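Shown next, in structure tokens, is the structure this report addresses.
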Amino acid sequence: MNPAAALLAVLLVLPAAGQDGKPDLDAADAAAVSGRWSEAEALYRAELERASDSTAAALGLARALEALGSPELAIAYYKMSILDGDPFAVGARARLLESLHRYDEAAEAYTRLMLLEPPSLDALLGLARCLESGGHTAEAAAAYRDVLADHPDRLEVRLSLGRMLEQSGQPAEAIQAYQPLLRLDDSIGTYSIDERSQLAAGAAEALGPLLVSVGESAAAAEVYLLLPDLLPEANPVAWYRAAVGALCESDPRRAAELTQHLAKIPEDITPEDGRVIVCVADMLYEQGDREGAKSAYRKFLTIGHIMTLPAGDTERAQRRSYEMGIADDARRLSLVADRSLSLSQRSRVQAAQADAEAGHQKDAIRTMQAIVAEARSSSEAWASLGDMHAEFGEIKEAEGAYLTALAIAPDDGRWRTRLALLLARAYSGRRHAQAVEEISLVIRSGPHPPALRFERATMHIGLRDFAAAEADLEAYLALAADGDRAEEARGLLRNLKRKPPTLSDPELAAEPMQDVPEAAETHYRRARVHRDRARDNNEPAELDLARREVARALEVAPDWLMALDMSAQLAWEAGEREAAVKQWEKALTIEGAPSRLRLDLAVVYDQLGQPERAEALRLEAADTYGLVDAYYELAQTAFDRGDYAAARRWLDRFFDSATGGPYKQTALALEAELDAIEQRRRLALGGGGGLAVVLAGMLWWRRTRQRTLDDLIEAAPECAHDLARLLSAVRHEVLKHNTTLLEEMAHAGRNGDHAALRWAAERLFGEDGGAVRRFEEYRATIERLGKKHGVILDLKRRDPVFAPMSTAIGQLKRMEGDLRDPERAGDLEARLASLHQVLNVEVYQALGRLIQQMGTLRIDAPLLAAVDTRVRAEPGLAEAALPPLAIDVAAGGLPARVFQGDLEDIVANLLRNAYLASIDGLPPEERTVSLVVEEDDDPIAGYELVALRFCDRAPGELTSAMIQGRSIGRGLGLAVDLIARHNGSIDVEDEPGWAKAVVVRLPRAEGEADDVVEVSVTEDGEEP
Amino acid sequence: MSAPRVLVVEDGHEYINNLTRFLGDAFAFTRAGDGPTALSLLSGQGFEAIFLDMKFDRAEHLLGDLVATQRRFAGDEARARRFLENNQGTYVLAAIREAGHTQPAIFSYDFDSEPRRLRNLQRRYGPLSYLNDTATPADIRDTLSRAVSAAPAP
Chain Y
23 MNPAAALLAV LLVLPAAGQD GKPDLDAADA AAVSGRWSEA EALYRAELER
73 ASDSTAAALG LARALEALGS PELAIAYYKM SILDGDPFAV GARARLLESL
123 HRYDEAAEAY TRLMLLEPPS LDALLGLARC LESGGHTAEA AAAYRDVLAD
173 HPDRLEVRLS LGRMLEQSGQ PAEAIQAYQP LLRLDDSIGT YSIDERSQLA
223 AGAAEALGPL LVSVGESAAA AEVYLLLPDL LPEANPVAWY RAAVGALCES
273 DPRRAAELTQ HLAKIPEDIT PEDGRVIVCV ADMLYEQGDR EGAKSAYRKF
323 LTIGHIMTLP AGDTERAQRR SYEMGIADDA RRLSLVADRS LSLSQRSRVQ
373 AAQADAEAGH QKDAIRTMQA IVAEARSSSE AWASLGDMHA EFGEIKEAEG
423 AYLTALAIAP DDGRWRTRLA LLLARAYSGR RHAQAVEEIS LVIRSGPHPP
473 ALRFERATMH IGLRDFAAAE ADLEAYLALA ADGDRAEEAR GLLRNLKRKP
523 PTLSDPELAA EPMQDVPEAA ETHYRRARVH RDRARDNNEP AELDLARREV
573 ARALEVAPDW LMALDMSAQL AWEAGEREAA VKQWEKALTI EGAPSRLRLD
623 LAVVYDQLGQ PERAEALRLE AADTYGLVDA YYELAQTAFD RGDYAAARRW
673 LDRFFDSATG GPYKQTALAL EAELDAIEQR RRLALGGGGG LAVVLAGMLW
723 WRRTRQRTLD DLIEAAPECA HDLARLLSAV RHEVLKHNTT LLEEMAHAGR
773 NGDHAALRWA AERLFGEDGG AVRRFEEYRA TIERLGKKHG VILDLKRRDP
823 VFAPMSTAIG QLKRMEGDLR DPERAGDLEA RLASLHQVLN VEVYQALGRL
873 IQQMGTLRID APLLAAVDTR VRAEPGLAEA ALPPLAIDVA AGGLPARVFQ
923 GDLEDIVANL LRNAYLASID GLPPEERTVS LVVEEDDDPI AGYELVALRF
973 CDRAPGELTS AMIQGRSIGR GLGLAVDLIA RHNGSIDVED EPGWAKAVVV
1023 RLPRAEGEAD DVVEVSVTED GEEP
Chain E
2 MSAPRVLVVE DGHEYINNLT RFLGDAFAFT RAGDGPTALS LLSGQGFEAI
52 FLDMKFDRAE HLLGDLVATQ RRFAGDEARA RRFLENNQGT YVLAAIREAG
102 HTQPAIFSYD FDSEPRRLRN LQRRYGPLSY LNDTATPADI RDTLSRAVSA
152 APAP
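Given below as structure tokens:
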């Protein structure tokens, strides 16, 4: 009963009481109606004192006390036995008891209430609530069930029921209680959408763990995944986390998909994220889903950057991630057996390079591409193609080719070096960092040319890592103190180590300008100050002021050169080029104008596109004023416009006049370029002069590709024979038979024996240049040999043997006049003695070592096995069943006088022949071939020999005559020629236990430097 | 006492002329222009030492099996002949030793860069010494004197 109704009931009772003469009760009721509760309380009390059995007074007093905020007292009065049967009082008491958290008493009251009148929803709910709050979960559940029995549309009661069932250990029943809430059935009850969603969310949050607890993890995950839609405003991370945790073991792939919702924002990350993600990762790993596991471990380790995760999980994640990465990388590696180019393919490479030299770019590239198509697994072929592309500035193609070469032979430092140099030189520094990485890999991987340190140092300088550059330069100098870049390295190192000085302004004694009015000088000084401020502070306004001041100075002194020059410069800075030129031209007409001004103005005219005026100025500077650098500039500009003949003329005049200076080296390089262009023109078959004007970048690149003899031998070992012949000729004809005179000449000089000096000079120089000219011809021949093999040599400047020899011969050449006229020469002894030391001791020994090094090869088991491997990989043999080659050679091998390339071709041809013959006529198990290397000797002439005995069991006749007569082909003709070239022999002999032995005998190498005694004519019959 | 006799085997006259000019006071030199002539002279006369050139590219008669040597050089007759010419001195010395003549021999050939070959030749055809490219007349005199003094008594 509600209070209003109760009050009405009281009021209805009152008239009867009034009739009994009870004014206090009426007044109390009136006060209560008016809300004067204190007055009402007093009156009700008075009434109770008067009539202690007055239920109205008791009820009224209880109400007044409740209204006045004295619930305990109110309860006491509500509880009076006279009110015990009053539903209103009992209900009020129940509510007050519940509000005071006296749940058990409240539950009793609610129960009492339900005995007094039919159970209302309030009473039922009240009872259920109090039982729940009192911890009587089972009873509460029963009470909630009772509510639902009468009021099945009370969805929130279902939530409470589920909660009670859960708490009382009845998970299945709880699940049943919750599940209907998820249906959002709007036919039940009168709830808004939001209310239903809230109830559903409550049910879902409760259901999730319950389902997990009963093993329904998939269902639990689905329940969690409802929540983001039910409560879109809430942060769903926890639900995703719970879903992942639920699915981790039962459906790790689905769980992995859901991890995308986790750890996206650092603030949302919890250690639980780590736990569930590593659980997913472990499950995927164990199920063999490596990609999934890798991704999950990666995510887990990312969390580890933000918070501390269990050490065991972290270690496991790191280890498994690492192992899977290794396995994946290993699987992705494409292993290709690197094949060497055959002799004919190498020849075609050289032909392509010759085409390139002649400017036939398309032909050259086409040839190289064809070779690559034939030998796709040859790193050398790809690298050569890369060189070709690079030569023509096709950088992308060059890089691709080098990368392919590296993919085939990742450990070959040559290709990696070429790639690094391409990256360093073709991108103006943009890819220096990558180039440094590549070169560093080569350096770290093993022995490497010292020059790589130098190259890396220059890249470090480009990257402004000066400390690293210093370290590399020092390392280079430690390895190659006399290397061809040593001087350059020392220079760079000196500059790097140079500390910027602390300089004070120079103290110059101020002197008055001669013949310049003071006013002009004053304006000039002010102009200078304004100009300096304009430059220092980047203030254009100061520039205008400077121009104004200098104009005033020129008004006073119109022919003053300093002011004219400043005026011109300021006009130029302001962009008024014509005005500037006009001022400079005027300056030129004034006596005393600096001669250098002509060259500066020539540069201006170059920029203004007036080459004729520029040339005239340069010519004037050189011819009239002796500025010989102008001849170089004339040569360069002529070269740039393609007038090579003019460039040559100007260069000649420069060299005739210049003794040094900053342009000397660049002039030499320009001369080399002109030589190369002229050479190409000679080779070109018509078609307009070979390559067009070489761009500055290619010029620089060509210069940096100038090679040494070591480079030639490495790049083209097949040229070793011809090269050795030429070097021997130089050693014999120039040094041994001519420059050996130098020591005697030094003595003659000391003794004043002029006749002897003149005689020696005649011997050295002759009428046509003598030994000096002979040397230059040999040097040119060797450089042509290099070009023929695709290597541009720079013997004069870069080769460690020929460079000092060229310098010494050059010095000797310049001494010709003195030697022919020694009376006027002065002291020659020291110079001659120095030249003797260089040429007849140092160079002579160096040449001998080089020749010996080229001509001596240690034939050992690894060398032979490597050739065998290549032969076995050839088409026609790769699939054949061949037993391993039995190699018998002394440990350490035997030294022979043969070039490596030739020996390898000989061995390859003979092995191939033995294998093919064996395959033709023998079953697999009998196809054994043996190769024995042993010492032998010449029976008469005393020579020691190295014999290679190729033994096989192949049927069929083979005789020495057949081989030497080249009647059977199969590459044996080539082997015979190569053997003969090295003064060797080839015979077929009987061999016990074998069908035959093909025996190759080659001269054994001596321990000392060997000259090539037997002169062999080159393929084109060329003789110097 | 007569001067020691030295047989000079060379295909030209350079050695005989120079040796006679510079050392004629101490030795008696006789020239043989090829191997067969040398063998003939050795069988008829007593010599204390033999002075040998190595290269005989002007000699008419060469010792050695040209056919076998040609086989060795893949049938290249020119190369075979060149080999015999360039090493003819060893063939001559081999024939001399086979004929039983044991006089010390001196090669005018620079073995400085071929020590192993020299050792092999000395093992087979000793006593054997040589004069290198820088030998002076005094060196030649010393070498000949040593050779002659080591010669077995006739």
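Top line first, the protein sequences correspond to chains Y and E. Using the numbering used here, read the first sequence as starting at 23 and increasing by one per residue. Using the numbering used here, read the second sequence as starting at 2 and increasing by one per residue. Even for Gly, the Cβ is constructed at its ideal location relative to N, Cα and C. Treat the numbers as computed from the prediction; the structure is a model and nothing was measured.
Please confirm whether Y:Y965 has its beta-carbon closer than 8 angstroms to some beta-carbon of chain E.
Taking the first residue of the first sequence as position 1, residue 965 of chain Y is located at position 943. Yes, Y:Y965 lies at the interface with chain E (some Cβ there is under 8 angstroms from its Cβ).
*Enumerate in chain order the residues of its own chain whose CB-to-CB distance from Y:L841 is below 8 angstroms, with the five nearest sequence positions on each side excluded.*
In the first sequence, residue 841 of chain Y corresponds to position 819, counting from 1. Hits under 8 angstroms: M767, L779, R780, A782, A783, L786, F787, A847, L850.
Report task. Out of Y:E789, Y:G870, Y:L146, Y:T544, state which residue places its alpha-carbon closest to the alpha-carbon of Y:P839. Result -> By one-based count along the first sequence, residue 839 of chain Y stands at place 817. In the sequence as presented, Pro is not what sits at residue 839 of chain Y; that position holds Gly. Minimum Cα distance to Y:G839 is reached at Y:E789.
Where Y:A392 falls, given that 16 or more other Cβ within 10 Å makes a residue buried:
One-based indexing of the first sequence puts residue 392 of chain Y at position 370. Classification of Y:A392: exposed, given that the 10 Å Cβ count is below 16.
Measuring only between beta-carbons, confirm whether Y:E765 sits less than 8 angstroms from chain E. As a working mapping, residue 765 of chain Y is identified with position 743 in the first sequence. So, not an interface residue.
Rounded C-alpha distance that separates E:Y16 from E:T31: Walking along the second sequence from the start, residue 16 of chain E turns up at place 15. Walking along the second sequence from the start, residue 31 of chain E turns up at place 30. Spanning the two alpha carbons is a distance of roughly 11 angstroms.
Of all the CB atoms in chain Y, is at least one closer than 8 angstroms to the CB of E:A75?
On the second sequence, residue 75 of chain E is found 74 positions in, with the first residue counted as 1. Yes, because at least one Cβ of chain Y sits closer than 8 angstroms to the Cβ of E:A75.
What is the DSSP secondary structure of Y:I612, counted as helix, strand or coil? Against the first sequence, residue 612 of chain Y aligns to sequence position 590. If DSSP states are grouped into helix, strand and coil, Y:I612 belongs with coil.
Q. Using the beta-carbon of each residue, which ones in chain Y are nearer than 9 angstroms to E:L67?
A. Working through the second sequence from its first residue, we reach residue 67 of chain E at position 66. Within chain Y, no residue comes near E:L67; the closest Cβ sits about 13 angstroms away, beyond 9 angstroms.
Assuming Y:Q372 and Y:K686 are in contact, meaning their beta carbons sit under 8 angstroms apart, how far apart are those beta carbons, in whole angstroms? Indexing the first sequence from 1 puts residue 372 of chain Y at position 350. Indexing the first sequence from 1 puts residue 686 of chain Y at position 664. So it is not a contact: roughly 34 angstroms between Cβ atoms.
Per-residue DSSP class, three states only, for Y:I909: Walking along the first sequence from the start, residue 909 of chain Y turns up at place 887. DSSP places Y:I909 in strand when its eight states are reduced to three.
Outcome for Y:D733 when other beta-carbon atoms lying within 10 angstroms are tallied against a minimum of 16:
By one-based count along the first sequence, residue 733 of chain Y stands at place 711. When all chains shown are included, Y:D733 counts as buried.
>> If you reduce the DSSP assignment to three classes, tell me which class E:F23 lands in.
In response: Reading the second sequence from its first residue, position 22 is the one you call residue 23 of chain E. Helix.
So, for Y:M186: in the same chain, excluding its five sequence neighbours on each side, which residues have a beta-carbon less than 7 angstroms away from its beta-carbon? Position 164 of the first sequence, counted from the first residue, corresponds to residue 186 of chain Y. Closer than 7 angstroms at the Cβ level, and outside the excluded window around Y:M186, lie E154, T159, A162, A163, Y166.
- [ ] For E:A95, decide whether its Cβ has a neighbour in chain Y, counting only Cβ atoms nearer than 8 angstroms.
- [x] For the purposes of this step, residue 95 of chain E is taken as residue 94 along the second sequence, with counting starting at 1. It does; some Cβ of chain Y falls within 8 angstroms.
Inter-residue CB distance, Y:I461 and Y:T439 (contact presumed, cutoff 8 angstroms): Position 439 of the first sequence, counted from the first residue, corresponds to residue 461 of chain Y. Position 417 of the first sequence, counted from the first residue, corresponds to residue 439 of chain Y. With 8 angstroms as the limit, Y:I461 and Y:T439 qualify as a contact, their Cβ atoms being about 7 angstroms apart.
What residues in its chain sit with their C-beta under 6 angstroms from that of E:E11, if we drop five residues either side in the sequence? Locating residue 11 of chain E in the second sequence gives position 10, where the first residue counts as 1. Answer for E:E11: D54, listed in chain order.
Taking only beta-carbon atoms, is Y:S750 less than 8 angstroms away from chain E?
Taking the first sequence and counting its residues from 1, the one referred to as residue 750 of chain Y is at position 728. Closer than 8 angstroms: no.
Use the C-beta contact count for Y:Q367: other C-beta atoms within 10 angstroms, 16 or more gives buried, fewer gives exposed.
To locate residue 367 of chain Y, count along the first sequence from 1; it is residue 345. With 16 or more Cβ atoms within 10 Å of its Cβ, Y:Q367 is classed as buried.
**OP:** Would you list, in sequence order, the uninterrupted beta strand (DSSP E) runs of no fewer than 3 residues that lie entirely inside the segment 948 to 1032 of chain Y?
**Re:** 951 to 959, 966 to 974, 1007 to 1011, 1018 to 1025
- Query: Around the Cβ of Y:A714, are there at least 16 other Cβ atoms within 10 angstroms (buried) or fewer (exposed)?
  - Reply: Mapped onto the first sequence, residue 714 of chain Y falls at position 692. In this prediction, Y:A714 has a pLDDT of 36, which is less than 50 and means its spatial position is unreliable; what the coordinates show is noted afterwards. Classification of Y:A714: exposed, given that the 10 Å Cβ count is below 16.
By DSSP's criteria, E:R6 is part of a beta bridge. Which residues make up the other side?
Against the second sequence, residue 6 of chain E aligns to sequence position 5. Looking at the DSSP assignment, E:R6 forms a beta bridge with E:A29.
Point to revise | Through-space distance from Y:Q874 to E:G25, alpha-carbon basis | key: Along the second sequence, one-based indexing puts residue 25 of chain E at 24. Along the first sequence, one-based indexing puts residue 874 of chain Y at 852. If I take the Cα positions, the gap works out to 40 angstroms.
Quiz item: Where does Y:F110 fall in DSSP's three states?
Solution: Stepping through the first sequence from its first residue, residue 110 of chain Y is reached at position 88. Looking at Y:F110 - three-state DSSP - the assignment turns out to be helix.
DSSP on E:A95, reduced to helix/strand/coil? Here residue 95 of chain E refers to the residue found at position 94 when the second sequence is read from its first residue. If DSSP states are grouped into helix, strand and coil, E:A95 belongs with the helices.
* Contact set between Y:A427 and chain E, taken where Cβ atoms lie within less than 7 angstroms -> Working through the first sequence from its first residue, we reach residue 427 of chain Y at position 405. Chain E residues near Y:A427: none, gap ~38 angstroms exceeds 7 angstroms.
Partners in chain E for Y:S982, counting only beta-carbon separations shorter than 8 angstroms
Here residue 982 of chain Y is taken as the residue at index 960 of the first sequence, counted from 1. Within 8 angstroms Cβ-Cβ: R72.
**Buried or exposed by the 16-neighbour rule on C-beta atoms within 10 Å, applied to Y:P905** = Sequence index remark: in the first sequence, residue 905 of chain Y carries index 883 (1-based). Exposed.
Which value, in whole angstroms, describes the spacing of the CA atoms of Y:R675 and Y:G648?
Numbered from its first residue, the first sequence carries residue 675 of chain Y at position 653. Numbered from its first residue, the first sequence carries residue 648 of chain Y at position 626. If I take the Cα positions, the gap works out to 12 angstroms.
For Y:A1002, would you say it is in contact with chain E, using Cβ-to-Cβ distances shorter than 8 angstroms as the test? Here residue 1002 of chain Y is taken as the residue at index 980 of the first sequence, counted from 1. So yes, Y:A1002 belongs to the interface.
message = Can you pull the chain Y neighbours of E:Y92, defined as C-beta to C-beta under 8 angstroms?
response = Taking the second sequence and counting its residues from 1, the one referred to as residue 92 of chain E is at position 91. Residues of chain Y passing the Cβ test: I962, A963.
Chain Y contact for E:S114 (CB, 8 angstroms cutoff)
As a position in the second sequence, residue 114 of chain E is number 113, starting the count at 1. With 8 angstroms as the cut-off, E:S114 counts as an interface residue toward chain Y.
Practice problem: For Y:L610, I'd like the list of residues in its chain whose CB is within less than 8 angstroms of its CB, leaving aside the five on either flank, ordered along the chain. | Solution: Taking the first sequence and counting its residues from 1, one reaches residue 610 of chain Y at position 588. For Y:L610, where only same-chain residues beyond five positions count, the Cβ hits under 8 angstroms are L619, R620, L623.
E:F52 - partner residues in DSSP beta bridges: As a position in the second sequence, residue 52 of chain E is number 51, starting the count at 1. In DSSP, E:F52 forms a bridge with E:V9, E:I107.
- CB contact below 8 angstroms: E:R98 versus chain Y: Taking the second sequence and counting its residues from 1, the one referred to as residue 98 of chain E is at position 97. Output row for E:R98: interface = no.
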